[in-house]
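As structure tokens, the structure follows; a few thoughts come after it.
Protein chains: 2
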Amino acid sequence: MRNIRVTAAYDGTDFAGWQNQDNARTVQGVLEAALAEIHKQPVTIYGAGRTDSGVHAGGQVFNFYSVLETIPAERYASALNRLLPRDVRALESREAAESFNSRRDARMREYRYYIYPSRCVPPWRRLYSWAIPAPDMARLGEMASFLVGRHDFTSFAAQGDTNPARVKEIYSAGFFMDGPCMVFRITGSAFLWRMVRNILGTMIELDRNKREPEILRQILLARKPLHEGMTAPARGLFLHKVAYENPDGLMY
Amino acid sequence: MRNIRVTAAYDGTDFAGWQNQDNARTVQGVLEAALAEIHKQPVTIYGAGRTDSGVHAGGQVFNFYSVLETIPAERYASALNRLLPRDVRALESREAAESFNSRRDARMREYRYYIYPSRCVPPWRRLYSWAIPAPDMARLGEMASFLVGRHDFTSFAAQGDTNPARVKEIYSAGFFMDGPCMVFRITGSAFLWRMVRNILGTMIELDRNKREPEILRQILLARKPLHEGMTAPARGLFLHKVAYENPDGLMY
Numbered sequence: 004m005r006n007i008r009v010t011a012a013y014d015g016t017d018f019a020g021w022q023n024q025d026n027a028r029t030v031q032g033v034l035e036a037a038l039a040e041i042h043k044q045p046v047t048i049y050g051a052g053r054t055d056s057g058v059h060a061g062g063q064v065f066n067f068y069s070v071l072e073t074i075p076a077e078r079y080a081s082a083l084n085r086l087l088p089r090d091v092r093a094l095e096s097r098e099a100a101e102s103f104n105s106r107r108d109a110r111m112r113e114y115r116y117y118i119y120p121s122r123c124v125p126p127w128r129r130l131y132s133w134a135i136p137a138p139d140m141a142r143l144g145e146m147a148s149f150l151v152g153r154h155d156f157t158s159f160a161a162q163g164d165t166n167p168a169r170v171k172e173i174y175s176a177g178f179f180m181d182g183p184c185m186v187f188r189i190t191g192s193a194f195l196w197r198m199v200r201n202i203l204g205t206m207i208e209l210d211r212n213k214r215e216p217e218i219l220r221q222i223l224l225a226r227k228p229l230h231e232g233m234t235a236p237a238r239g240l241f242l243h244k245v246a247y248e249n250p251d252g253l254m255y
Numbered sequence: 004m005r006n007i008r009v010t011a012a013y014d015g016t017d018f019a020g021w022q023n024q025d026n027a028r029t030v031q032g033v034l035e036a037a038l039a040e041i042h043k044q045p046v047t048i049y050g051a052g053r054t055d056s057g058v059h060a061g062g063q064v065f066n067f068y069s070v071l072e073t074i075p076a077e078r079y080a081s082a083l084n085r086l087l088p089r090d091v092r093a094l095e096s097r098e099a100a101e102s103f104n105s106r107r108d109a110r111m112r113e114y115r116y117y118i119y120p121s122r123c124v125p126p127w128r129r130l131y132s133w134a135i136p137a138p139d140m141a142r143l144g145e146m147a148s149f150l151v152g153r154h155d156f157t158s159f160a161a162q163g164d165t166n167p168a169r170v171k172e173i174y175s176a177g178f179f180m181d182g183p184c185m186v187f188r189i190t191g192s193a194f195l196w197r198m199v200r201n202i203l204g205t206m207i208e209l210d211r212n213k214r215e216p217e218i219l220r221q222i223l224l225a226r227k228p229l230h231e232g233m234t235a236p237a238r239g240l241f242l243h244k245v246a247y248e249n250p251d252g253l254m255y
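Sequence order for the protein chains is W and B. Using the working numbering, you'd call the opening residue of the first sequence number 4 and step up by one each time. Using the working numbering, you'd call the opening residue of the second sequence number 4 and step up by one each time.
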């Protein structure tokens, strides 16, 4: 059976997240339903990142095994788009090695978090950014620099996350402007559940209280989970890209 | 009674347009309901532009007469925002001359139309742009130049528009890039119903067929209404700003 790899984008607003759940509209569920219609039998997909309810994706990657021999691998994207609702789009599809697993084999994930730096957010950006009074980008940038490297991220784990693998490697973390928005960009090997939203929520809270950037490093080193209020809302977060290794190095 | 002028923004997706209609959710209806709650009596508002269903606004202007003496004019914006649904926001409020009427006194209106230059539109832009294969911006720009000046715009009137005042003055018309989007910006004294969408739809159709830009001028001079297919979809259109005269010249 061919192993097909697809890159997809979605607007997370009306989804209860990526992962299948009973009685809830999920991205995985909608994609599997479209694939079942194409294959005339159930199809299971494997996603690189399990985004939460309200979180968007510009470059989620998933794979599945296809019993069909008739559809060229590159045509799955357009075949899917004919069946998918408008809030999910397949951007590209291709054949992958039989052993390829989009989650296990991902080498780098890039998340972007959009901040609209005023409470007065244009209504068409309200579902795709967090509207807060303009933070101090220099202070935030200094905080972000402490995240880079290999760390135990227990301090930024979600309440109730029982996964014991808390050590992750962050390759880069910083801020840039995209139009009127301030964007937090972070890349790493992998991320704990809610880690990006907990990190950003904490940085914004520290900035609001005019605390020293160094405090973020102390919080990280303390390895003690934070209290609830530090989680930035889902709507500003985008799973931007997932990268895999190929013989020439990292590949998107 | 004080005359209060408000600038508002809205996401037109879930509205049946600006103007009140029975059994339909309209921007005017939602704003009047919030004002009625503040005033404990019905309030009528006068909007500068009657946007259609699905059309957005970044700077719509309306005015109303207030029987209340207690609220400073500048505070109406935040009082409204506490009561309004999240897809409408009051950006600013101030006191206007008693004779001020936001529609009659508007001297310039600016519309922007967002084109996403690929059919593969990120889902979070799908309700705020028209996704089409990349048009030729130079050709479109040349077409746009023929619009500037005082013209009878009958050729771009909507079917069923019985308004006999077809002469409008266009001050500027052109294209620019905003991130990945190609934006059509047009400013003028006033616009016929659906005129911007009919102009843009026609230009895109001409470009697609690789017609000479000059054809747009011939269509304009013919003063014959177009057939239906030439109307660009509502979702790409934004009423960006409305300008008024003050002693020092034009004022936003």
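Heads up, the beta-carbon is just placed ideally off N, CA and C, and yes, glycines get one too.
- DSSP lists W:M185 as the bridge partner or partners of W:M180.
- For the pair B:D17 and B:H59, the Cα-to-Cα distance works out to about 10 Å.
- Among the CB atoms of chain W, one or more fall inside 8 Å of the CB of B:A12.
- As far as DSSP is concerned, W:T234 takes part in no beta bridge.
- Around the Cβ of W:N26, a 10 Å sphere holds fewer than 16 other Cβ atoms; the residue is exposed.
- W:T54 and W:R78 have their alpha carbons spaced roughly 26 Å apart.
- At a cut-off of 8 Å between beta-carbon atoms, W:V186 makes no contact with chain B.
- Chain B has no Cβ within less than 8 Å of the Cβ of W:W21.
- In the three-state reduction of the DSSP assignment, W:V30 falls in the helix class.
- The criterion of a C-beta distance shorter than 8 Å is not satisfied by B:R214 and B:L195.
- Cβ contact annotation for B:R5 (same chain, cutoff 6 Å, sequence separation greater than five): S69, E98, in chain order.
- Taking one beta carbon from each stretch, the region 77 to 91 of chain W and the region 134 to 143 of chain W have fewer than 3 pairs nearer than 8 Å; the two do not touch.
- Boundaries of the alpha helix (DSSP H) around B:G204: 198 to 211.
- Taking a beta-carbon distance threshold of 8 Å, W:P126 counts as an interface residue toward chain B.
- Judged by DSSP in its simplified three-state form, B:M4 adopts coil rather than helix or strand.
- Between W:G50 and W:Q31, the alpha-carbon positions lie close to 8 Å from each other.
- Secondary structure note for W:G20: it is in no alpha helix (DSSP H), with a DSSP letter that is neither H nor E.
- In the same chain as W:I173, and ignoring 5 residues on each side of it, the C-beta atoms closer than 6 Å to its own belong to L150, V151, G191, in chain order.
- Given a length threshold of 4 residues, each whole run of the alpha helix (DSSP H) inside the region 73 to 119 of chain W is given here in chain order: 79 to 86.
- Those residues of the region 88 to 118 of chain W placed with their C-beta closer than 8 Å to a C-beta in chain B are R89, D90, V91, R92, L94, ordered along the chain.
- Nearest CB-CB separation between W:Y131 and chain B: below the 8 Å threshold.
- Here B:R220 carries a helix assignment [DSSP, helix/strand/coil].
- Within the same chain, and ignoring the five residues on either side of W:E145 in sequence, the residues whose Cβ sits closer than 6 Å to its Cβ are P216.
- Chain W places a beta carbon closer than 8 Å to that of B:H59, counting this residue as a contact.
- B:K43 has no beta-bridge partner at all, per DSSP.
- Taking the C-beta atoms as reference points, B:A11 is found nearer than 8 Å to B:F65.
- Against chain W, a Cβ distance below 7 Å from B:G50 picks out nothing, because the smallest value is about 16 Å.
- With respect to the C-alpha of B:G15, the residue from B:L240, B:E248, B:K244 having the closest C-alpha is B:L240.
- The way I'd put it, the region 35 to 51 of chain B doesn't touch the region 113 to 131 of chain B; fewer than three beta-carbon pairs between them come closer than 8 Å.
- Straight-line spacing of the CA atoms in W:R226 and W:A160 works out to 9 Å.
- B:L229 and B:S158 do touch by the CB rule: their CB atoms are close to 6 Å apart, below 8 Å.
- Distance from the CA atom of B:P167 to the CA atom of B:F156, rounded to whole angstroms, is 11 Å.
- Bounds of the alpha helix (DSSP H) holding W:E145 are 140 to 148.
- Linking B:A147 to W:V46 through their CA atoms gives a straight-line distance of about 50 Å.
- About 6 Å separates the beta carbons of W:A237 and W:S56, which is inside the 8 Å limit, making them a contact pair.
- Looking only at B:Y119, B:A76, B:S175, B:D164, the smallest Cα-Cα distance to B:M111 is reached by B:S175.
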